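Data block below; observations after.
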Amino acid sequence: MPSSLFSLERYWRTFGRTVVVLTAVAILACQEKSPEEELLKKVEPVGSWLATLQMLGQKWTANSVPASFVETTVSAARKEFKKAAEETAKSKARPEVRAPLRQLVSEAEAAGAGLLRAVEAGDRPGVAQGVARLGALHQRFEALQGPPPP
Amino acid sequence: MKKWMQLALGIVTAIGGFFDMGTMATSAQAGASFRFQLLWTVGAGTLLVIFLVEMSGRFAAVSRKALPDAIREHFGFSFWLVPFVVLTLSQFLVLATEIGGICFALHLVTGLPIQLFALPVAALTWLFLWRATFSTIENSTSLLGLITLAFVVAAVLHHPPAGPVLAGFVPTLPHDNPLKYWAIAVSILGAVLSPYLFYFYSSGAVEDEWDRSYVGVNRAIAVLGMGFGSVISLAAIVVAAVVLAPRGIQVDDYHQAALMLTDAFPFWGFVLFAVSMAIACLGAAVEVSLAIAYSTAQTFGWNWGESLDPREDARFSTVYTGAILLASLPILLGVDPLKLTILAMAAEAAVLPFVALPFVLLMNDRKLLKEHANGWISNTVAVVVLLLSLVLMVVSIPLAFLGGGG
Numbered sequence: 001m002p003s004s005l006f007s008l009e010r011y012w013r014t015f016g017r018t019v020v021v022l023t024a025v026a027i028l029a030c031q032e033k034s035p036e037e038e039l040l041k042k043v044e045p046v047g048s049w050l051a052t053l054q055m056l057g058q059k060w061t062a063n064s065v066p067a068s069f070v071e072t073t074v075s076a077a078r079k080e081f082k083k084a085a086e087e088t089a090k091s092k093a094r095p096e097v098r099a100p101l102r103q104l105v106s107e108a109e110a111a112g113a114g115l116l117r118a119v120e121a122g123d124r125p126g127v128a129q130g131v132a133r134l135g136a137l138h139q140r141f142e143a144l145q146g147p148p149p150p
Numbered sequence: 151m152k153k154w155m156q157l158a159l160g161i162v163t164a165i166g167g168f169f170d171m172g173t174m175a176t177s178a179q180a181g182a183s184f185r186f187q188l189l190w191t192v193g194a195g196t197l198l199v200i201f202l203v204e205m206s207g208r209f210a211a212v213s214r215k216a217l218p219d220a221i222r223e224h225f226g227f228s229f230w231l232v233p234f235v236v237l238t239l240s241q242f243l244v245l246a247t248e249i250g251g252i253c254f255a256l257h258l259v260t261g262l263p264i265q266l267f268a269l270p271v272a273a274l275t276w277l278f279l280w281r282a283t284f285s286t287i288e289n290s291t292s293l294l295g296l297i298t299l300a301f302v303v304a305a306v307l308h309h310p311p312a313g314p315v316l317a318g319f320v321p322t323l324p325h326d327n328p329l330k331y332w333a334i335a336v337s338i339l340g341a342v343l344s345p346y347l348f349y350f351y352s353s354g355a356v357e358d359e360w361d362r363s364y365v366g367v368n369r370a371i372a373v374l375g376m377g378f379g380s381v382i383s384l385a386a387i388v389v390a391a392v393v394l395a396p397r398g399i400q401v402d403d404y405h406q407a408a409l410m411l412t413d414a415f416p417f418w419g420f421v422l423f424a425v426s427m428a429i430a431c432l433g434a435a436v437e438v439s440l441a442i443a444y445s446t447a448q449t450f451g452w453n454w455g456e457s458l459d460p461r462e463d464a465r466f467s468t469v470y471t472g473a474i475l476l477a478s479l480p481i482l483l484g485v486d487p488l489k490l491t492i493l494a495m496a497a498e499a500a501v502l503p504f505v506a507l508p509f510v511l512l513m514n515d516r517k518l519l520k521e522h523a524n525g526w527i528s529n530t531v532a533v534v535v536l537l538l539s540l541v542l543m544v545v546s547i548p549l550a551f552l553g554g555g556g
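Chains as they are written, first to last, in our numbering: chain A, 1 to 150; chain B, 151 to 556.
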C-alpha cells in the first residue's frame, strides 16, 4: 500500500532528529564564538542600515523617493539601532569592544533622526550633511567589524 | 489559431505569474548579500520547474483531470490526506506573504502602517475572485504583471560585468557566512519550485478545457513561459548585486529592497518597485487562493471552477473566502512581511517531497496516460527533484532560522 511509503510518523521522527542535531550543532557553533565575535555578529545589520540611510538621503535629494518613505525607512532603521544598543548593553564582550560600538550606535540613532528632521524641513544642505555623517559612521562601523583585538 | 493565442497568453501568464513576493525577496537578498554567486539557484530551479509544469499540464491535457483530483481517485483519500494538509498549510503561508506584499507596496507609496491595509487588501482580493472568471483573472494579472520587466530593463541599463554574471551560474561555495548563503539558496529553490504552481497549473488547464491536442502547446508554455519568467528573477539578483551590494546594503527589510530600481530609473524607480510588488503579489494571491480552493474541492469531491457562478460551487467559494480572511491575520497582527516570506519559502521547500512523490508516481501510470506517460528524461529529472526535495525538506526550516534568512 503506498501509504506505507509515506509514513507521516517516520517522516516526523527523522525530521525531528535532524532538527535536534542541526540545532545542537548550531548551539555548539555559537558557543565556540567569543562574546566579542557574538556581539559583532549581532550588530552586523547596523552597517547595512547606515548604508541604507546614506543612499536614502541621496535619493531624496535627487527627488527619487518621497518624504513619507524616508520617514518609514528611518523608523525601521532606528528600531534596528535600538535593538543593537540593547544587544551591546547586555553583551559580555570586553569594554574596549563594547564602548566604541555603543558610542557608534548612539551616533547612528542621532544621525538617522537628524536626516529625518532635515527631510521634513526640506533642508537639502542639511540632508547632504546628514549623508556625509552617515557615510563616516558606516566607515567607522566597517573598521570596528574587523577582527576583534586579542 | 486559438492554440497560438493560448500559447502567447500562457507565456505572458508565466512571465507575469513567475515573479511574486517570494522570488522578489529572495532575489533581492541573494544579490545584496552574495552578488552574482547565487544565480545558479534560479537557473537550476527554473530547469526543474519547467519539467514539473510541463508534466502537470501534460497530465491535465491527457487525463482531463487536475492533480489533486487524480491523486485522490488513484491512491485513495487517506494517501492524499497528508500531502493535502501540508500543501494547504504551505499555500496558506504563501497567501499570507502575498497579502503582506500588497500591503507593503501600499505602505511604501502612502507611508501609512502596513496593518491598516490587511483587511482592505483581503477584501479586494476576494472581490476580484468573486466577480471575475478564470480567463479574466488569468489575462488581467498576467498582462499587468509585465510591469515586473522593469527589473530586466534595469539590469540591462546597469551593464553588469559579463564574466562574474556567467560565473554565477556555476555553483560555488561562499567565502563567508555559509549558513546565510544556504538559507537564501534554499529559499530561492522553495520560491521557484512552488508546489502550488504545478498543482494550480493542472487545475487551470482543466478550467481552460485542454485536451490531448494541447500537449505541444503545454510544452512550449512550460519552456518559454518559465524560462522568460525566471529572467525577471535573475534580473532582480543582478540589480541588487550592482545597486545594493557595493554600498554595503543587505536586505533585512523590504524598505531596503525598495531602493533597487532608483539608480536605473531615478524618477520612476521607486514607484515601479511598489507597483511591481503590488501587481506581482496580487496575481500570486489570487492564484494561491484559487489553488487552495481547487485542492480542497478536489480532495473532497466538491463542485469547483472559477468560471462557475459562486452559487454553483458554494463550498469552493467559501474555501477561498475563508483562506483569504485567515491569511490576512498575520499582517493585521503585525508580523513582519519579510520574515513571513522567508518562513513561507522554507515551508514550500519542506513540503515539496510530500506533493512531488504522488505527482511523479501518477506521471508513470501508463494505463491513464498511455504514450504520454513520463519517459526516461522526465523521470530522470523527477528523481533529481525528489532527491533535492528530500534534502530541502530536512534543511529548509532549520536553515531559515539559523541562516538569518529573515
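Idealized CB from N, CA, C, for every residue including glycine. This one's a predicted model, so the numbers in the text were calculated from it and none came from an experiment.
**Request:** Please go through the same chain and pick out, in chain order, the residues whose beta-carbon is closer than 8 Å to the beta-carbon of Gln54 (chain A), but skip the five residues on each side of it.
**Result:** Residue mapping note: residue 54 (chain A) aligns to position 54 of the first sequence, counting from 1. Result list for Gln54 (chain A): Val131, Leu134, Gly135, His138, in chain order.
**Prompt:** DSSP state of Gln145 (chain A), grouped into three classes?
**Reply:** Looking up residue 145 (chain A) in the first sequence gives position 145. Of the three classes helix, strand and coil, the one that applies to Gln145 (chain A) here is coil, per DSSP.
**Message:** Once the 5 residues before and after Ile287 (chain B) are set aside, which same chain residues still bring their CB inside 6 Å of it?
**Reply:** Working through the second sequence from its first residue, we reach residue 287 (chain B) at position 137. Val436.
**Request:** Pick helix, strand or coil for Arg140 (chain A), following the three-state DSSP scheme.
**Result:** As a first step, residue 140 (chain A) is located in the first sequence; it is residue number 140 there, counting from the start. Three-state DSSP puts Arg140 (chain A) in a helix.
**Request:** Return yes when the Cβ of Met410 (chain B) is within less than 8 Å of the Cβ of Ala390 (chain B), no when it is not.
**Result:** In the second sequence, residue 390 (chain B) corresponds to position 240, counting from 1. In the second sequence, residue 410 (chain B) corresponds to position 260, counting from 1. Against a cut-off of 8 Å, the Cβ pair of Met410 (chain B) and Ala390 (chain B) comes out as a contact.
**Asked** Since Leu262 (chain B) is in the alpha helix (DSSP H), which residue starts that stretch and which ends it?
**Response** Taking the first residue of the second sequence as position 1, residue 262 (chain B) is located at position 112. No alpha helix (DSSP H) holds Leu262 (chain B); DSSP gives it neither H nor E.
**Request:** Measuring alpha carbon to alpha carbon, tell me which of B:Leu262, B:Val381, B:Ser177, B:Asp326 ends up nearest Lys41 (chain A).
**Result:** The residue you call residue 41 (chain A) lines up with position 41 of the first sequence. Here the closest residue by C-alpha is B:Asp326.
**Request:** Answer yes if the stretch 426 to 436 of chain B comes into contact with the stretch 290 to 297 of chain B, meaning at least three C-beta pairs across the two stretches below 8 Å, and no otherwise.
**Result:** yes
**Message:** Only counting the same chain, and skipping five residues up and downstream in sequence, which positions put a Cβ closer than 8 Å to that of Pro2 (chain A)?
**Reply:** If you number the first sequence from 1, residue 2 (chain A) lands on position 2. The predicted position of Pro2 (chain A) is uncertain, since its pLDDT is 43 and thus under 50; a value taken from the coordinates is nonetheless stated next. Nothing listed; no residue qualifies.
**Prompt:** What is the DSSP secondary structure of Thr561 (chain B), counted as helix, strand or coil?
**Reply:** Outside the modelled stretch of chain B, which goes from 151 to 556, sits residue 561 (chain B), for which no answer is possible.
**Prompt:** Of all Cβ atoms in chain B, is any one closer than 8 Å to the Cβ of Lys82 (chain A)?
**Reply:** Mapped onto the first sequence, residue 82 (chain A) falls at position 82. Judged by the 8 Å Cβ criterion, Lys82 (chain A) is not in contact with chain B.
**Asked** Would Ile429 (chain B) be called buried (16 or more neighbouring beta carbons within 10 Å of its own) or exposed?
**Response** In the second sequence, residue 429 (chain B) corresponds to position 279, counting from 1. Classification of Ile429 (chain B): buried, given that the 10 Å Cβ count is 16 or more.
**Gly146 (chain A): contacting residues in chain B (beta-carbon distance under 8 Å)** = Here residue 146 (chain A) refers to the residue found at position 146 of the first sequence. By Cβ distance, chain B contributes nothing, its closest Cβ being about 13 Å from Gly146 (chain A), past 8 Å.
**Asked** Can you give the beta carbon distance from Asp413 (chain B) to Val393 (chain B), rounded, assuming they're within the 8 Å contact cut?
**Response** Taking the second sequence and counting its residues from 1, one reaches residue 413 (chain B) at position 263. Taking the second sequence and counting its residues from 1, one reaches residue 393 (chain B) at position 243. Asp413 (chain B) to Val393 (chain B), Cβ: 5 Å. Contact.
**Request:** Please look up how many angstroms separate the CB atoms of Thr196 (chain B) and Ser380 (chain B), rounded, as I've assumed it's under 8 Å.
**Result:** Walking along the second sequence from the start, residue 196 (chain B) turns up at place 46. Walking along the second sequence from the start, residue 380 (chain B) turns up at place 230. Yes, they are in contact, since the Cβ atoms of Thr196 (chain B) and Ser380 (chain B) sit about 4 Å apart, within 8 Å.
**Message:** List, in chain order, every chain A residue whose beta-carbon is nearer than 9 Å to that of Pro481 (chain B).
**Reply:** What you label residue 481 (chain B) is simply residue 331 of the second sequence in a count that begins at 1. The amino acid at residue 481 (chain B) is misidentified as Pro; the sequence shows Ile. By Cβ distance, chain A contributes nothing, its closest Cβ being about 16 Å from Ile481 (chain B), past 9 Å.
**Message:** I'd like the ranges of any alpha helix (DSSP H) spanning at least 4 consecutive residues and lying wholly in the stretch 209 to 281 of chain B.
**Reply:** 217 to 225, 227 to 260, 265 to 281
**Message:** Can you give me the C-alpha to C-alpha distance between Val315 (chain B) and Leu384 (chain B), rounded to a whole angstrom?
**Reply:** For this step, residue 315 (chain B) is matched to residue 165 along the second sequence. For this step, residue 384 (chain B) is matched to residue 234 along the second sequence. Distance between the alpha carbons of Val315 (chain B) and Leu384 (chain B): 10 Å.
**Request:** Compare the C-beta of Thr449 (chain B) against all C-beta atoms of chain A and say whether one is closer than 8 Å.
**Result:** Taking the first residue of the second sequence as position 1, residue 449 (chain B) is located at position 299. So, not an interface residue.
**Item:** Collapsed DSSP secondary structure at Ser206 (chain B) in the structure displayed
**Value:** Within the second sequence, the letter at position 56 stands for residue 206 (chain B). Looking at Ser206 (chain B) - three-state DSSP - the assignment turns out to be helix.
**Message:** Distance cutoff 8 Å, beta carbons only. Does Ile399 (chain B) sit that close to anything in chain D?
**Reply:** Looking at the structure shown, chain D is missing, and the protein chains on hand are A and B.
**Asked** Where does Trp360 (chain B) fall in DSSP's three states?
**Response** Numbered from its first residue, the second sequence carries residue 360 (chain B) at position 210. Reduced to three states, the DSSP call for Trp360 (chain B) is coil.
**Request:** Would you give the residue range spanned by the alpha helix (DSSP H) that Asn514 (chain B) belongs to?
**Result:** Walking along the second sequence from the start, residue 514 (chain B) turns up at place 364. Here Asn514 (chain B) belongs to no alpha helix (DSSP H), and DSSP marks it neither H nor E.
**Request:** Spatial neighbours of Ala93 (chain A) within its chain, please: CB distance less than 6 Å, with the 5 preceding and 5 following residues excluded, ordered by chain position.
**Result:** Numbered from its first residue, the first sequence carries residue 93 (chain A) at position 93. Cβ neighbours of Ala93 (chain A) beyond the five flanking positions: Pro35, Glu36, Leu39.
**Request:** Kindly indicate which residue of A:Ser75, A:Asp123, A:Lys33, A:Gly146 has the alpha-carbon position closest to the one of Ala108 (chain A).
**Result:** Stepping through the first sequence from its first residue, residue 108 (chain A) is reached at position 108. Residue A:Ser75 is the option with its Cα nearest to Ala108 (chain A).
**Item:** N-terminal and C-terminal residue of the alpha helix (DSSP H) that Asn63 (chain A) is part of
**Value:** Within the first sequence, numbered from 1, the residue matching residue 63 (chain A) stands at position 63. Segment: none, Asn63 (chain A) is in no alpha helix (DSSP H) and carries neither H nor E.
**Asked** Using the rule of at least 16 other Cβ atoms within 10 Å of the residue's Cβ for burial, across every protein chain shown, is Ala110 (chain A) buried or exposed?
**Response** For the purposes of this step, residue 110 (chain A) is taken as residue 110 along the first sequence, with counting starting at 1. Result: exposed.
**Prompt:** Ser48 (chain A) CB to nearest chain B CB: under 8 Å?
**Reply:** Numbered from 1 along the first sequence, position 48 holds the residue referred to as residue 48 (chain A). It does; some Cβ of chain B falls within 8 Å.
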